[in-house]
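Using our numbering, read the sequence shown as starting at 2 and increasing by one per residue. Backbone N, C-alpha and C define an ideal beta-carbon position, used for all residues, glycine too. Please read all numbers here as calculations on a predicted model, not as lab measurements.
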Amino acid sequence: MEHSEMIKSNADALRTLMAKRLGLKRGSLSRRVAKAGRQLPSGVRNDIAIVAEAEQMARNPKLAMRLDPNATKSAYDRAATHLKAIDVVDRRKGIALSVLGSMAFNFLAAITLFIVVLRWRGLI
2 MEHSEMIKSN ADALRTLMAK RLGLKRGSLS RRVAKAGRQL PSGVRNDIAI VAEAEQMARN
62 PKLAMRLDPN ATKSAYDRAA THLKAIDVVD RRKGIALSVL GSMAFNFLAA ITLFIVVLRW
122 RGLI
């Protein structure tokens with residue numbers, strides 16, 4: 002029984018970390034993993050999926066006996082370590098710089114095209 006409680010607390014901790022670090026606040030753990038998509042490496046997604054599956058199995062007493070506590074704990078540790086290492090401020094800066102960079106490129110491409118058209122028409 003204590004293993005089931007440990008799995009539930011680990012799943013709750015992963016839900017909290019995903020809410021804080023990735024902004025995924027709704028849905029079950031498996032749904033949050035699906036929503037995270039490419040924000041998480043495949044190994045971390047697999048580890049979180051292991052914990053989510055263990056949480057589902059822990060609800061049924063007969064299935065709970067089949068769980069491997071060491072595998073579940075190590076999967077939780079790997080996923081939690083990765084989620085704790087995510088810097089939210091740096092992610093936001095990266096997204097903002099990416100958007101600004103693409104806007105600057107599009108602006109320069111439009112200006113270049115405009116100058117080429119003016120030159121082609123003989124207005125410059």
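Under a Cβ-count criterion, where at least 16 other Cβ atoms within 10 Å of its own Cβ denotes burial, should residue i be classed as buried or exposed?
i, result
"Thr82", "exposed"
"Glu6", "exposed"
"Arg33", "buried"
"Asp48", "buried"
Do residue i and residue j have their C-beta atoms closer together than 8 Å?
i, j, result
"Lys26", "Ala20", "yes"
"Leu30", "Glu56", "yes"
Check the C-beta distance from residue i over to residue j and give it rounded, since I have them as a contact under 8 Å.
i, j, result
"Ala59", "Ile8", "5 Å"
"Thr73", "Val52", "6 Å"
"Arg22", "Leu84", "5 Å"
"Leu15", "Ala80", "6 Å"
Tell me whether residue i sits in a helix, a strand or coil according to DSSP, three-state version.
i, result
"Arg22", "helix"
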